[in-house]
Structure formats: structure tokens, C-alpha cells
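K.L.:
If you scroll down you'll find the structure; I have some questions about it.
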Amino acid sequence: MKCPADPALLVDYASGRLAPARAADLGRHIETCDFCAERVPGYSAISEALDTWDSPPVSLDFNRRLWSKIDAAQPVRWTRRLFPAIPVAAAAAMMLAGLWMERPHASPQVPAPGVSVVEAEQAERALDDIQLLRGFDDALSDRPQANTM
Ligand SMILES: [Zn+2]
């Protein structure tokens, strides 16, 4: 059965960082809990190993050597450098295609040179009116005339 005790608390206990009263309480729990009793020796060993580990001092030219190693590393191929740009270019192309498809009749009305759009519309309405009047005239001319005699 797994113990509900906090693993971080066990690590603190194993490294001796708990307050004495808290450590005593947890020590009594560990005596009765197989789960915790099994883990505390490992945590203690790791804590002691970290305490005794003596890291070498960083040399003064550490940064220079690190950057020279980074520079000497295998250069990245141009296709790899281009890779992040491909999704961006694809998204931009899709946005442009969407804008283009949204406005299929986007070509502006091109009036004849020297004629404004308003003048062209007025001329079109006038032609429609003339055609309508001709229709009336044709309808009237087909009717028998009453006062021709
Ligand atoms: Zn436990």
C-alpha cells in the first residue's frame, strides 16, 4: 500500500532539513510504514552524495571555450533553418487565397475613357426609359386607331 506522506517531506527528513519536532513525528511514522522505510535510506544516500560532491571550480576561460565548441559544432543545414518559415509562409498563402476568394468580383467597373461611372449609369437608365417608351408606342400602334377617320 502506498503511503500518503509527501515525498518532498521524506527528502527533507533524509537530508536532515526538518525541524526536530517534525522530524520526530515523521520518524515515528517511518518506523511503522514500510513504504517510507524503504525509501528514506535511498534519499539519505543521495543527499549525502550531493553534500560530499566537490564540483571543480569554473575556469576563467569557460565561456570562451564553450562558445568555441558551439561555433565548431556541425552547422545547421539551410533546409533546417528554413523549416520554421514554411508554416508561416503556408499560413500567409492561405490568408491571401481566402481574401482573393472572398472578393471574386473585385475587378472594378472600368468606364469608357472620359465617362464617369455616374454618367454611364445615367445613360443606361435613359436607354431603359427609351426602350420602355418604344414598347408603349408599339403597343399603341397595334391598337386600332379611333380618330383616324
Ligand atoms: Zn509512510
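Here the sequence shown is numbered in my numbering, starting from 1121 and rising by one per residue.
All C-beta atoms, glycine included, are put in the ideal place defined by N, C-alpha and C.
1. Does ligand 1 have even one heavy atom less than 7 Å from the beta-carbon of A1143?
2. Three Cβ pairs or more, each shorter than 8 Å: is that satisfied between the region 1155 to 1168 and the region 1131 to 1146?
3. Going along the chain, which residues of its own chain have a beta-carbon closer than 6 Å to the beta-carbon of C1153, five neighbours each way excluded?
4. Would you check whether ligand 1 has a heavy atom nearer than 7 Å to the C-beta of A1125?
5. Kindly indicate the opening and closing residues of the alpha helix (DSSP H) around C1153.
6. If you measure from the CB of F1203, is any heavy atom of ligand 1 nearer than 7 Å?
7. Verify the contact flag: F1182, CB atom, against every heavy atom of ligand 1, threshold strictly below 7 Å.
8. I need the DSSP call for F1182, collapsed to helix, strand or coil.
9. What first and last residue would you give for the alpha helix (DSSP H) that runs through V1208?
P.N.:
Taking the geometry as given:
1. No, since every heavy atom of ligand 1 falls outside the 7 Å radius drawn around the Cβ of A1143.
2. Segment contact: the region 1155 to 1168 against the region 1131 to 1146, three or more CB-CB distances shorter than 8 Å; contact assigned.
3. Closer than 6 Å at Cβ, skipping near neighbours: C1123.
4. Result yes, Cβ under 7 Å from ligand 1.
5. Neither: C1153 is in no alpha helix (DSSP H) and is coded neither H nor E.
6. No, the beta carbon of F1203 sits no closer than 7 Å to any heavy atom of ligand 1.
7. No.
8. The DSSP-derived three-state label of F1182 is helix.
9. Per DSSP, the unbroken alpha helix (DSSP H) holding V1208 starts and ends at 1205 to 1222.
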